[in-house]
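Here is the structure we will look at.
Protein chains: 4
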Amino acid sequence: MTAKTSPMGWNSWDCWGAAVTEETVRANADYMAEFLKPFGWEYIVVDIQWYEPSADSHNYHPFTDLDMDEYARLLPAVNRFPSAAGGAGFAPLAEYVHSLGLKFGIHIMRGIPRQAVHRNAKILGTDRTAREIADPSSICFWNSDMYGVNPSKPGAKEYYDSLMALYASWGVDFIKCDDIAREMPRCEAELRLLSDAVKNCGREIVLSLSPGPALPEKAELYKETANMWRITDDFWDDWRLLYDMFRRAETWCIHSGPGHWPDADMLPVGPIRQVYGRDNRTRFTEDEQKTMMTLWSVFRSPLMIGGDMPGFDRFTLELLTNRGILGMHKNARHAHPVWRRKNGASEWILWAAENAEGGHYLALFNAGEEDGELTVPLADAEIEGNALLTELWSGEESEGDLVKVFLPKHGAAAWRVG
Amino acid sequence: MTAKTSPMGWNSWDCWGAAVTEETVRANADYMAEFLKPFGWEYIVVDIQWYEPSADSHNYHPFTDLDMDEYARLLPAVNRFPSAAGGAGFAPLAEYVHSLGLKFGIHIMRGIPRQAVHRNAKILGTDRTAREIADPSSICFWNSDMYGVNPSKPGAKEYYDSLMALYASWGVDFIKCDDIAREMPRCEAELRLLSDAVKNCGREIVLSLSPGPALPEKAELYKETANMWRITDDFWDDWRLLYDMFRRAETWCIHSGPGHWPDADMLPVGPIRQVYGRDNRTRFTEDEQKTMMTLWSVFRSPLMIGGDMPGFDRFTLELLTNRGILGMHKNARHAHPVWRRKNGASEWILWAAENAEGGHYLALFNAGEEDGELTVPLADAEIEGNALLTELWSGEESEGDLVKVFLPKHGAAAWRVG
Amino acid sequence: MTAKTSPMGWNSWDCWGAAVTEETVRANADYMAEFLKPFGWEYIVVDIQWYEPSADSHNYHPFTDLDMDEYARLLPAVNRFPSAAGGAGFAPLAEYVHSLGLKFGIHIMRGIPRQAVHRNAKILGTDRTAREIADPSSICFWNSDMYGVNPSKPGAKEYYDSLMALYASWGVDFIKCDDIAREMPRCEAELRLLSDAVKNCGREIVLSLSPGPALPEKAELYKETANMWRITDDFWDDWRLLYDMFRRAETWCIHSGPGHWPDADMLPVGPIRQVYGRDNRTRFTEDEQKTMMTLWSVFRSPLMIGGDMPGFDRFTLELLTNRGILGMHKNARHAHPVWRRKNGASEWILWAAENAEGGHYLALFNAGEEDGELTVPLADAEIEGNALLTELWSGEESEGDLVKVFLPKHGAAAWRVG
Amino acid sequence: MTAKTSPMGWNSWDCWGAAVTEETVRANADYMAEFLKPFGWEYIVVDIQWYEPSADSHNYHPFTDLDMDEYARLLPAVNRFPSAAGGAGFAPLAEYVHSLGLKFGIHIMRGIPRQAVHRNAKILGTDRTAREIADPSSICFWNSDMYGVNPSKPGAKEYYDSLMALYASWGVDFIKCDDIAREMPRCEAELRLLSDAVKNCGREIVLSLSPGPALPEKAELYKETANMWRITDDFWDDWRLLYDMFRRAETWCIHSGPGHWPDADMLPVGPIRQVYGRDNRTRFTEDEQKTMMTLWSVFRSPLMIGGDMPGFDRFTLELLTNRGILGMHKNARHAHPVWRRKNGASEWILWAAENAEGGHYLALFNAGEEDGELTVPLADAEIEGNALLTELWSGEESEGDLVKVFLPKHGAAAWRVG
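Listed below in C-alpha cells is the structure:
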C-alpha cells in the first residue's frame, strides 16, 4: 500500500518558492539524511517551476518559456539543475537522494503546457497532438503555464501515461499535482486519469493533491484517487491560519487512514522565505510551533518541512525530532475533537485518539488569547479510572484520572495515556 | 454525570401520536420491565400534547384548550391520564414506572402557553405575568400552543425554574424539549435558560432537544446545554430517510460522548401508527431494521423505541435484545466511517470503532440497491494482523485478517474484532 | 375608477405614532381644508392602533387589550376618540371630515385579533369562530395584535366582508392595510380576499398596502388588487433613505398609472415626532425636501404628509402647495430615469416624462455630496429643437435646447418643457 | 451623436455562423440596397471568425491558426474574403458596401489572440509585446482564440488604439465586440479601454456589446461606453426565448434612448442556418414573427436581420418593411409595459409609448396559449377621450376610446393613437 503511514518530508516552496536549485536540494537532502532520517523523515520534494529557467521567487512569469521535450513533457531547467543536462532529467538528482536512503518527489501542474498546445506538440506513442487533447477553457487562475486536458479526447490517457512513464524512469517517488484538489467537480475525470496513470506506471509513487481547500463532499473521491490532499489554501506562519486549522481538522479527521491523508500543508518552521534574504525566519512563536506539530500529529496530517534545513537552530530540530510527538503521528487512531470551549478571550480545545500500541492519546490546546490553567478529567475522553500519563513535549510522567496543565496562549500539550 | 451512556427507552409518538393514554403507557412500561429492562432499556417517555384533552392523532388542533395551572404550567389531561386527577400531575404515573425499575420522561414545547399569555397568567414566585415574558413573534410553525419566552425579561428564568420544579416534584427523569434544536441561533439564550433550569432543579433529568436537523456549527452549544439532540427531522420507516442517516451520522459522529449524544431519532419498529389501526406495522424490511440498529449502535445514537411494545413479534424483540449489538452501543468509542464506495447501483459503507473492553468494532453496510458479497481487509480500519472475529447478528466466529460477507441490499453486518 | 390620480393626503404616523387622538385628527383636517384642499390634498388617515386604549408612542405594547366588538372587529378606543362612544365607531369623525370636503381613512392590520381567537369570537353572519379561520403560524413579526387568516377556511371571506361592511358603514374612504405588501407570496391569497372585500363593499375605498419593500416580481399582483403599495420600508428624514429612493423609483416607475401607484411612503416634513415633544421637526434640509417632492411628483408616488399640519411654517406650506410641482404630479406620464452619472463625490440624475397637457417634464437631481452646475441638452430626453422652459420651483422661464443649472448638493430642479 | 436612432441592419451569424464568405456578404448587401434601404435598413455586419481560414459552421475550432499581422491584429482570411488579398483587409468590401449607400460592420472578440501571445508579437508603436499586456487568466469560455488584455499594463491602450486605427482605415462603421457585455464587473476597465479607442479613432463607429444577458445593475456603464448591448444570450426561433423577452424588455426599457440601445438580439427570420442546408427556415410562426417585430419596435431594440436576405419570401420582406411598425421603431418614446394579465392559459400584455410625432402608440400581445379577443380602454394607457386609431399591421383605422381585437395565440397588434 502506498503511503501506509502519513508521509514525512521536506518541500522547497516555503524557503525557495519557484526558484529552488539543485545545490539547495542536495544540501537539504544531506541534512535530512544526517539529522532527521532516524526519526522517520524521508521525502525530498522539488516544488513548482523546476522547468522554468527564469524562475526567481514565489512569483510566476506569465507566458515565460519552459524547458520541454518534443512530446509536451516538461524538463528540469539545466541552468538550475545542472545534472539534468543531456536529457537526463531528474534521474541523477533522484539517484543521489536515493543514495542517502531518502525518497525523491516533484511538483507538477494539472494539464499540458500551453506552449506545447500553441506549438502543436505530439503526444508520445500516438498520432494525436497537444491541440487535440487540451481543453481551451480549462486554465489555472494563478499560473499561465498549462491548459487542462479534456479526458474524453483520444490521446488524453496516453499523455498522462507518458508523463508518469518519464517520471518513473527518473526514479520519482512522490508527485504533488497542483491546480486540481479544489477544482472539483470540474476536474474529477482528469483527476481519475492522473490517478490511474500514477497507479499503473510500474513504480510506487505517492500522489499528493493541491491546492486547498479540498471539498469535504468529495472526500471519497480523494480517498480513491490520491494519497494526500490539501485541506487548506497555502498555510503560512500566521496564527489566524493556524487557528483556522482546528476547524478544518475537525471536518477532515474521520477521513485519515492508511493510504489517504488529509493534508494541513507544510510546516513553516526555521528559515523560510530564504529567497528574499537569509535572515528570514518563521514568525510563529515557539508555542505556536508546538501547537502546530501537536495538531498535525494527533490528526496524522502529512508532515512536510517548509524551512531550509541546513539553517535549523536547536529548537527547530528538537521540534521535529520529538519521539513522543512523532510516535503519536504514527500510532494515533480514530483521532477526533472531544470538545471546544470558548468563553470570552479563553478557548480550550481537547482532542483524543486511540494509541495503536495500547491506551490513548490526549491533546490539549490553548487556542485563546490569554495564558491559563486547566484540569481535564480523563473521563471527558471516555478513559475510565486511573492511568499512567506521559506529557510528550516535556516527558513528565504522572498518574491519575485527570490532566492538569498550565498552557501559555497558543500553546499545546499532549499525553500518552495508559 | 447525566446520560453517561447513550439513553435507551420508549417514546409514545410513533405509535400513538399526540393521543397516548395512561393505559397505554402503563402497558408499555410493563412490557419493557419484563422483556427489555435486562438489556439496558429504561426510559418510558410520554410525547407531545399530554395536556390536551382533545388530542386524537398525530395532528394538532389549533388553539384548542389545554389543561394548565394558574402559573402557566401545563397539566396532564385527566380524561387521558386519570391518575393525574386532583392536581397530582404525572407523579402517580412516574411512581408506577419507577416501581418497575424504569425511568419516566415527558415531552415539552419551548415557551409558555399562548392561552396563559392571553389570560395573563402569573409567573410562580414573582409579580410578573405571562404577557411580560412571552415573545410575541417567537412561535412554533407547526403547533399553536406556545409563545417563546424572551430570556432577557424579568420572570423568564423564574418561569423555566418553576416548570422544572414541578416536573422534578412529579419524579420526571427525562425531558424532550421540542421546537428548539434547529431554532438556532435565534433561540440560543432560551436554550441556555432551559438548560440551567434542568441542571439546577435538584433532580437528575436527561435533556433531549428536538426537532432536527440540529445545526452542525452549533455542536458545542448542544454539548454544553443538553444530553441529546436530534440530527434529523422526524425519522420514519422509509429507506430514503435511513439512507440519508449515513451522511448525518458522518457529520455528527465526532460529537458523541458521555453526557452528549447526537440523536438519530426513534426506531420505527413493530406496531407503529397504532392510533390509525392495530394492523399498522413498520414498512422497513428486516434487513433495513438491522441496518438501522447497527448504524445507531456503532454511532451510539440514543435508542428510543417507537413501536407499541406489547404488540412486538419475535423478530422485533430479538432485534432490540441482541447482546452483541447492544454491547457495541455501550462500548464503541471514536466511531467513524472508514470509507464509502459507490459504483452504479452498488454502495458499501464501512464504519470502525474502538471497543472500550479491548479490540475494535467494524460495521459494514450494503447501502446499494443490489445484493452482493464483499471482502474487507481489517487493515482498512488499521487493525493489524490476524484477529478473532464475532459477527454480532449471527454470532458466527472466525479468525483472520479480513471479513468476507454476503449482504442483501439494505442489509448490515457488524463484528467485534480481537 | 378608484384612485384614478395618485392619492394626496395626511397620515398621523410620522407625528403621532400609535397615539393619535381625535382632537389632533380634527385639527389637521381643519388645517387641510383651509390651506391645502385647494391644491388637491384630500385624505385624512388615522394610522395604527386606534383600537388600543393604552397607545402612547411609536412603540407597540405586546398582548395589550384592544377594543373589539363581539365579531372580532376592532373599534376605536373611546378614551382617544370620544365620538366613537356608544358603538358609533369612526362614523362621527368621518362625517366631520366629509363635512370639510375631505376624505377619511384608517389603518388596519392584516388578519384577525389574537384576543378574538383566544376568546373564540364568532364571525358575523356565520356559525364559524375566530379559531377556525385564524392561521396559528401566520403572525406579524413586529406587532402582536393579529393572527393572519387562512383564506381556505370557511368563514374567512365572511370575516373580511364583515370588516369592510363595518368600515363602509362608518364612511371610510381609504384603507391602509399593514403587514401584507412584503409578505408575498405567503399572503397572496389573503390579499385577494381583502381586495375583493374592499371592491365589493358598496363604497369606493382606496386600498393601500404596507409595509415595504414590495416585491418587484409581484408588481402585477399589486396592480390587480390594490391602489397603492409601499416600495420601501418606513421612510424617515434621513438622506440615505432619500438617496436610496432613486433606485426604488427606477425599479417601479413603469408600474405607475391610474388606479395603481407605487408608494414611496410619507413625507416627513415640518413638525414630526410630536408625541415626543413639540420642538421636533424634520431633519431634512430644505434642498432635500425639494428633492423629495420633485422625485415623488415626477414619479407620481402618492403624497401623504407626515408632519403635524397646524404647526407648519411658511417653507413647508409652500413646499406642498407649489402649483408647478403638483401639476407635474398630476400630469406626468411615462416617467423614467434618463441617466445617472456618478463621478467621485459628484452624482447627477436626470428623469423625464411626457406632460399630459402637451410637452414634457424634466427633473434634475444633484444626488452627490458637492454643489455644482450642469448643462443638460434637451436631446438627452429626446426633446428636439428649441423649447420654452419653466423651472417649477423658481418659476423662471427660458427658451433653448438645453437646461443649465446650479444645484446645491442634495438639491433638485424640474422644468415644464414646450 | 453615434446611433442617434436604434440601428437597423443584417448580421451573418444566424444564417452562416462562423463560415460567412465575401460572396454571401455582397449578395446580402445587394439585396438590402435594393429592397430594404428605403425603409431605413443600413448595416451589413460580418460576424465572428472572419480571420479563420478553416471556419465551416457555427462551431469553433480550438487553437486553430488565424490570419494575423505582425502586431497581433487579425486579418480577413483570404480564402473566404478574396478582396482582402495583399493586405487590403476589409477595405475593398467596405468600399463596396459603402458604394451601395450602406454601412459596414465587423465582429471582434475582446482581447488579443492567444497565438500572438505565444509567438510574442509586438504591439504597434510601442516596445511592448503581446505577452506583456495579455491577462493569462482572462479567457473566453466558449472560444479559444483570445486572451483578455490587462488594462493596467503599458501597451494595453496602444493595442486597442491600434486595432481601431486599422478598422477605421478599412472603413468600418460598426463593431460588435463579443465576450464582454456579461463579463462585468470583471472586464469593466477593459471595456472602458475599448470604448475610448472607438470614440477616439477618428471615424464614427457604432459599438455593440455581446453576449448577453447584460447586467441590469451596470446599465449606466453600458450607456456611457457603448451604443447597444445584448440583454439576452443568443436568441433563436423558439417561442420560449421570445416569451422570455417580455421580461427582459420590461427590465431594460427605461434605458433606451439616443446613442444607447438595449439589444434583444438578431431577428431569426426567413432562411436561417443556411450553412447546414438551403431548406432551413425560421421555425417561428408568422404570428410569432409579428410579435417579435412589434416588441422589438415599441421597445426600440436594434433590429438586426438574421436570415439570408436573397432567399426572403414575400411574408418576410413585408414583415421587415411595414412602414407603420418601423415608424413606431423610430418614433416611440418612453415605452413601457402597462400591465400583464395572466389567467390560466391566457396571458395578455399591454405596452404603451409616446409618439414623437404626436399622440401615442399601443402594443398588445397575446402571450398565452389560446386565441382570444380583448377590449382595452385607452384609459389604461392614460389616453383620455376618443382618438383616431390605426392598427399598424393591418392598416385598419377606427375611432373611439378603446381598442377591441381578436388575436391568435402568440400574436400581436399595435396602434398609432391620436
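Chains A, B, C and D are the protein sequences, given in the same order.
Numbering-wise, the numbering used here puts 130 at position 129 of the first sequence, and it's gapless, one number per residue.
Numbering-wise, the numbering used here puts 241 at position 240 of the second sequence, and it's gapless, one number per residue.
Numbering-wise, the numbering used here puts 322 at position 321 of the third sequence, and it's gapless, one number per residue.
Numbering-wise, the numbering used here puts 335 at position 334 of the fourth sequence, and it's gapless, one number per residue.
Idealized CB from N, CA, C, for every residue including glycine.
Restricting to Cα atoms, I'd like to know which of the options is closest to residue i.
| i | options | result |
| --- | --- | --- |
| A/R417 | A/I350, A/R341 and A/R334 | A/R334 |
| D/S100 | D/A56, D/L379, D/G308 and D/M33 | D/M33 |
| A/I350 | A/E287, A/N356, A/R341 and A/E23 | A/R341 |
| B/E189 | B/L318, B/M165 and B/S153 | B/S153 |
| A/M110 | A/L327, A/S138, A/Y52 and A/E71 | A/Y52 |
| D/S84 | D/A95, D/P378 and D/L75 | D/A95 |
| D/P4 | D/L37, D/H108 and D/E205 | This sequence places Ala at residue 4 of chain D; Pro is not what is there. If we check each option's Cα against that of D/A4, D/E205 comes out closest. |
Please report the residue range of the beta strand (DSSP E) in which residue i lies.
| i | result |
| --- | --- |
| B/L194 | Per DSSP, B/L194 belongs to no beta strand (DSSP E); it is in the alpha helix (DSSP H), E189 to K200. |
| C/G102 | C/G102 -> no beta strand (DSSP E), and no H or E assigned at all. |
| A/M9 | M9 to N12 |
| B/D136 | A135 to I140 |
| C/A73 | Segment: none, C/A73 is in no beta strand (DSSP E) and carries neither H nor E. |
| C/R81 | Note, C/R81: premise wrong, no beta strand (DSSP E); not H, not E. |
| C/W394 | Where C/W394 is concerned, there is no enclosing beta strand (DSSP E), given that its DSSP letter is neither H nor E. |
Starting from residue i, find everything on chain D with Cβ-Cβ shorter than 8 Å and list it in chain order.
| i | result |
| --- | --- |
| A/R342 | Within 8 Å Cβ-Cβ: nothing; A/R342 doesn't reach chain D, min ~43 Å. |
So which residues on chain B does residue i lean against when the C-beta distance must stay under 7 Å?
| i | result |
| --- | --- |
| C/P137 | P63, F64 and S145 |
| C/R115 | H119 |
| A/G258 | V339 and E383 |
| C/I140 | S138 and I140 |
Would the beta-carbon of residue i be found less than 7 Å away from any heavy atom of the ligand ZN?
| i | result |
| --- | --- |
| D/G258 | With respect to the ligand ZN, the structure offers nothing, as it holds no ligand at all. |
For residue i, return the contacting residues in chain F, with the cut-off set at a CB-CB distance below 7 Å.
| i | result |
| --- | --- |
| B/I232 | The displayed structure is made up of protein chains A, B, C and D, and chain F is not among them. |
For residue i, go through chain A and note every residue whose CB falls closer than 7 Å to its CB, in chain order.
| i | result |
| --- | --- |
| D/R132 | P63 and F64 |
Starting from residue i, trace the alpha helix (DSSP H) in both directions and tell me its first and last residue.
| i | result |
| --- | --- |
| B/Y148 | Element bounds for B/Y148: not the alpha helix (DSSP H) but the beta strand (DSSP E), M147 to V150. |
| B/N29 | E23 to Y32 |
| B/Y223 | A220 to T226 |
| A/H119 | R115 to R120 |
| A/R427 | Summary: the structure shown does not reach residue 427 of chain A, with chain A confined to residues 2 through 419, and so no result is reported for it. |
Residue i versus chain D: which residues are under 7 Å apart at the beta carbon?
| i | result |
| --- | --- |
| C/R334 | E383 |
Show which residues of chain D have a CB atom less than 9 Å away from the CB atom of residue i.
| i | result |
| --- | --- |
| A/I124 | In chain order: nothing, as chain D lies at least about 14 Å away. |
Please list the partners that residue i has in chain C, where partner means a Cβ-to-Cβ separation under 8 Å.
| i | result |
| --- | --- |
| D/E370 | Here the premise fails: no neighbours, minimum Cβ distance about 18 Å. |
Name, please, each residue of chain B whose Cβ falls closer than 8 Å to the Cβ of residue i.
| i | result |
| --- | --- |
| A/A4 | Here the premise fails: no neighbours, minimum Cβ distance about 13 Å. |
| A/E251 | I255 |
Residue i touches chain C at which residues, Cβ-Cβ below 7 Å?
| i | result |
| --- | --- |
| D/K224 | W340 |
Check the Cβ of residue i against every Cβ in chain B and list those closer than 9 Å, keeping chain order.
| i | result |
| --- | --- |
| A/E221 | W340, R341, R342 and K343 |
Every unbroken alpha helix (DSSP H) within the stretch 279-311 of chain A, with a cutoff of 4 residues, ordered by chain: Within the stretch 279-311 of chain A, the complete alpha helix (DSSP H) runs of at least 4 residues fall at 287-299.
Could you run through the stretch 351-362 of chain D and flag, in chain order, every residue whose CB is less than 8 Å away from some CB of chain C? Under the 8 Å Cβ criterion, the stretch 351-362 of chain D contributes A353, A354, E355 and A357.
Contained alpha helix (DSSP H) runs [length at least 4] in the stretch 308-338 of chain D, N- to C-terminal order: Complete alpha helix (DSSP H) runs here, min 4: 315-321 and 324-332.
Chain D contacts made by the stretch 380-411 of chain C, where a contact means CB separation under 7 Å: Within the stretch 380-411 of chain C, the residues whose Cβ lies closer than 7 Å to some Cβ of chain D are A380 and E383, listed in chain order.
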